[in-house]
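In what follows, a structure is listed as structure tokens, so that the remarks can point back to it.
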Amino acid sequence: MNTPDGYIKITYREALKQALRVSLQKDERVFLMGEDVGRYGGAFAVSKGLLGEFGPDRIMDVPLSESGFTGAGIGAALGGLRPIVELMTVNFSLLAMDQVVNNAATLLHMSGGQLNVPVVIRMSTGLGRQLAAQHSHSWEPIYAHIPGLIVLSAGTHEDARGMLPAALQSPDPVVIFESNSMLNLEAEIPANSGMVDITTAHVKREGKDISIITYGAGVYKAMDAAQILADAGMNPEVIDLRVLRPLDENAVMTSVRKTHRVLLVEEAWGSVNISAELSARIMEQAFYELDAPVQRLGGMEVPIPYPKHLEDACVPQTADIVTRIKKMLQHD
Amino acid sequence: MENIPVKSSIPPVDRTLGLQLLYQMMLIRRFEEKSAEMYGKMKIRGFLHLYIGEEAVAVGVIHALQPEDNVLCTYREHGHALARGIDPGIIMAEMYGKAEGCSLGRGGSMHLFDKGKKFFGGNAIVAGHLPMAVGMALASKKLKTNHITCCFFGEGAAAEGEFHESMNLAALWGVPLLMVCENNLYAMGTALRYSHAVQQLEKKGIAYGIESRSVDGMDVLAVEHAAREAVEMIRVTGRPFFLVCNTYRFRAHSMFDAELYREKTEVEEWKKKDPIPALQSRLLEWESVTNQDIKELEEKIESELQKAVDFAEAGTWEPVEDLKRYVYSEA
Chain U
204 MNTPDGYIKI TYREALKQAL RVSLQKDERV FLMGEDVGRY GGAFAVSKGL LGEFGPDRIM
264 DVPLSESGFT GAGIGAALGG LRPIVELMTV NFSLLAMDQV VNNAATLLHM SGGQLNVPVV
324 IRMSTGLGRQ LAAQHSHSWE PIYAHIPGLI VLSAGTHEDA RGMLPAALQS PDPVVIFESN
384 SMLNLEAEIP ANSGMVDITT AHVKREGKDI SIITYGAGVY KAMDAAQILA DAGMNPEVID
444 LRVLRPLDEN AVMTSVRKTH RVLLVEEAWG SVNISAELSA RIMEQAFYEL DAPVQRLGGM
504 EVPIPYPKHL EDACVPQTAD IVTRIKKMLQ HD
Chain S
4 MENIPVKSSI PPVDRTLGLQ LLYQMMLIRR FEEKSAEMYG KMKIRGFLHL YIGEEAVAVG
64 VIHALQPEDN VLCTYREHGH ALARGIDPGI IMAEMYGKAE GCSLGRGGSM HLFDKGKKFF
124 GGNAIVAGHL PMAVGMALAS KKLKTNHITC CFFGEGAAAE GEFHESMNLA ALWGVPLLMV
184 CENNLYAMGT ALRYSHAVQQ LEKKGIAYGI ESRSVDGMDV LAVEHAAREA VEMIRVTGRP
244 FFLVCNTYRF RAHSMFDAEL YREKTEVEEW KKKDPIPALQ SRLLEWESVT NQDIKELEEK
304 IESELQKAVD FAEAGTWEPV EDLKRYVYSE A
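Residue numbers (the working numbering), protein chains in the order written: chain U, 204 to 535; chain S, 4 to 334.
In structure tokens, the structure reads:
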């Protein structure tokens with residue numbers, strides 16, 4: 204299949220790399236710091252080649268000191284720079300949690316508005332590569348709990364390329380989640396699109412029968428499910444939340460008012476997750492718009508096991524979404 | 004504990020410097036006593052950590068800094084804020100929780116901030132500010148500003164992982180950072196000997212390849228001298244320096260502390276090394292100041308403290324409607 208004019212076909216990994224390159228080119232104050240981002244080329248080869256292009260002052264390998272270098276990124280932001288801190292994966296990020304919560308997210312309010320912290324913290328998230336219990340977490344909800352952070356989830360190639368440059372314009376700390384399982388996935392995106400907005404959810408597919416609301420690795424799964432459902436005569440709408448804090452309530456309620464049915468899909472553990480919050484807000488703000496109870500498909504509440512069949516069973520798959528929606532629309 | 008003597012002997016100081024250091028230490032002492040009084044009157048609430056006994060450290064070190072250098076402190080930081088030149092009334096108002104305080108009243112005793120004075124807290128997670136200090140020093144290096152960053156912390160913090168990560172990063176990156184350990188011998192109520200296998204803390208700096216020294220933290224002139232030499236070295240080399248100031252907290256950890264962990268006789272022994280009378284007698288001996296000078300300082304300070312309390316009393320409460328301001332920056 205030919206790529207249409209004005210579009211390029213790239214992997215999610217390449218989109219992330221382009222985001223880094225363009226950000227480093229655009230602003231001298233921007234630098235990348237993280238474990239193995241330089242000489243190794245990035246744990247997932249996202250920053251491969253950038254050391255040669257930008258030099259060691261701007262592509263800084265750091266020791267395995269998550270709290271130390273994340274705090275240093277916060278300090279460098281206070282000192283007038285625009286650091287991109289790469290925490291390799293969400294699994295290691297708890298070692299830096301004190302810095303993220305008590306400093307990055309807190310300083311502006313606690314100082315009475317004096318100290319904003321323009322740091323961007325990137326990390327990969329999710330399962331799908333048989334990395335077992337300690338390397339497969341989806342902790343977006345933990346970060347979305349924290350006032351003072353802007354929390355983004357790059358569920359598409361456009362966002363993998365466009366969210367970072369936008370985040371670097373923010374005066375406040377931004378956490379970007381990148382999907383570990385999508386690195387090799389190819390997609391066609393506009394050749395020249397750059398920065399994306401980082402305040403709104405996007406309607407990825409217009410529909411009128413039901414709203415599938417998701418983020419991260421759930422987005423393409425929901426799109427695939429929607430196609431299957433469309434082929435069977437149903438017409439679901441798909442919303443990619445994109446911004447997990449602050450949530451774009453307007454986009455959600457607009458869709459609910461249109462479809463009157465909602466399925467919330469995410470990979471994070473089912474209890475106390477983003478879907479739980481969204482469900483509550485829909486009850487508060489659009490209860491009388493609903494023709495059926497809001498339903499959720501979340502991650503199984505277990506440590507993620509190594510075998511492929513068990514790992515797959517831990518999170519909602521395309522088939523699960525299809526089955527659930529057929530039930531909800533009484534199409535089964 | 005033995006202190007490594009400073010390189011050169013300290014000559015008698017002139018009247019201007021003597022009066023300045025004495026004034027700052029006396030101001031801190033009386034400010035802290037006044038704070039305790041206002042805590043008793045329930046004007047100040049929450050935690051209140053007094054710096055009484057440790058004044059020589061903040062005064063000596065901060066005197067060696069320039070106004071454009073960054074300063075980061077612990078939650079026991081009223082003294083540092085005063086030494087940095089933040090108005091006592093604005094600090095008192097902050098402790099009252101009034102909107103005229105240096106952090107809009109939102110921080111209280113433990114979170115004094117003044118961006119203009121390059122005073123970056125007031126941090127109440129032990130050692131949580133150390134990585135930030137490394138980052139601020141890294142920014143100075145990258146931006147070639149020749150500013151240094153000075154980070155105060157207690158010996159309790161030296162047991163935290165963030166201390167060790169920060170020391171390694173500072174040395175590895177070669178950043179202009181003065182790490183000042185205020186060793187008052189107790190992490191809350193746990194004595195140094197119960198929390199550190201190596202109690203000569205300066206050895207921890209050497210382990211990371213950082214120039215390190217300890218100094219008698221009850222002697223403001225020794226502290227000032229050591230800090231000045233450290234700062235000069237940092238400005239020339241661009242590399243970090245680890246200064247351990249051995250000192251003692253005369254008062255309880257906070258207002259909730261019954262001091263079950265130490266003998267009163269130990270406290271009394273340390274009070275004989277009180278840095279304020281020690282400086283006063285040296286300055287009198289050198290005839291740098293007179294008893295009349297000291298009396299005038301006392302009167303000046305009393306009047307300033309009264310003004311500070313009046314300012315805090317007259318302050319206003321931030322409207323509840325503004326509670327959500329500054330969670331995010333305002334456009």
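Using N, Cα and C, we set each Cβ at its ideal position, and we do this for glycine too.
Being a predicted model, the structure only gives us computed values, none of them experimental.
Closer than 7 Å at the C-beta level to chain S, one finds these residues of the region 302 to 315 of chain U: Gln302, Asn305, Asn306, Leu311, His312, Met313, Ser314 and Gly315. Less than 7 Å separates the beta-carbon of S/Leu51 from that of S/Tyr42. Inclusion of U/Leu371 and U/Arg216 in the CB contact set at 7 Å is not warranted, their separation being larger than that value. For S/Asn73, the three-state secondary structure derived from DSSP is strand.
In its chain, beyond the 5 residues on either side, Ala428, Ile431 and Leu432 have a beta carbon closer than 7 Å to the beta carbon of U/Val525.
S/Ala86 counts as buried, since no fewer than 16 other beta carbons sit within 10 angstroms of its beta carbon.
Along the length of the region 123 to 177 of chain S, whole beta strand (DSSP E) runs at least 3 residues long occupy 152 to 157, reported in chain order. Sequence-distant partners of S/Met135 (beyond 5 residues in either direction) whose C-beta falls short of 7 Å from its own C-beta, in its chain, are Leu75. Taking C-beta atoms under 8 Å as the contact rule, U/Val225 and U/Pro368 qualify, at a distance of about 6 Å. U/Ile413 and U/Gly315 have their C-alpha atoms some 44 Å from each other.
A residue is called buried once 16 or more other Cβ atoms fall within 10 Å of its Cβ, and S/Tyr331 is buried on that count. If you check the CB distance, U/Gln302 and U/Ser270 come in under 7 Å. Of all residues in the region 271 to 300 of chain U, the ones placed with a Cβ closer than 8 Å to any Cβ belonging to chain S are Gly271, Phe272, Thr273, Gly274, Ala275, Gly276, Ile277, Gly278, Ala279, Ala280, Leu281, Gly282, Gly283, Leu284 and Pro286, in chain order. The beta carbon of U/Pro506 sits no closer than 7 Å to any beta carbon of chain S. DSSP places S/Phe314 within a helical segment (H, G or I) once states are collapsed to three. As DSSP reads the structure, U/Asp535 sits in no beta bridge. The distance from the Cβ of U/Arg460 to that of U/Ala489 is about 6 Å, consistent with a contact at the 8 Å cut-off. For U/Met236, the enclosing beta strand (DSSP E) has its first and last residue at Val233 to Gly237.
Taking 7 Å as the cut-off, the beta carbon of U/Asn383 is found closer than this to the beta carbon of U/Gly329. Taking a Cβ-Cβ cut-off of 8 Å, the neighbours of S/Leu172 in chain U comprise Val265, Pro266, Ser268, Gly271, Phe272 and Ala275, given in sequence order.
In the DSSP assignment, U/Arg325 is bridged to U/Glu289 and U/Ile379. As the crow flies, the alpha-carbon of S/Cys105 is around 53 Å from that of U/Gln520.
Cβ-Cβ distances below 6 Å link U/Met291 to Glu238 and Ala246 in the same chain, with the five nearest sequence neighbours on each side left out; the list follows chain order. Within chain S, no C-beta atom comes less than 9 Å from the C-beta of U/Gly258; the nearest is roughly 12 Å away. In this structure, the alpha-carbon of U/Val399 lies about 16 Å from that of U/Pro449. Here the alpha carbons of S/Asn294 and S/Ala230 stand approximately 28 Å from one another.
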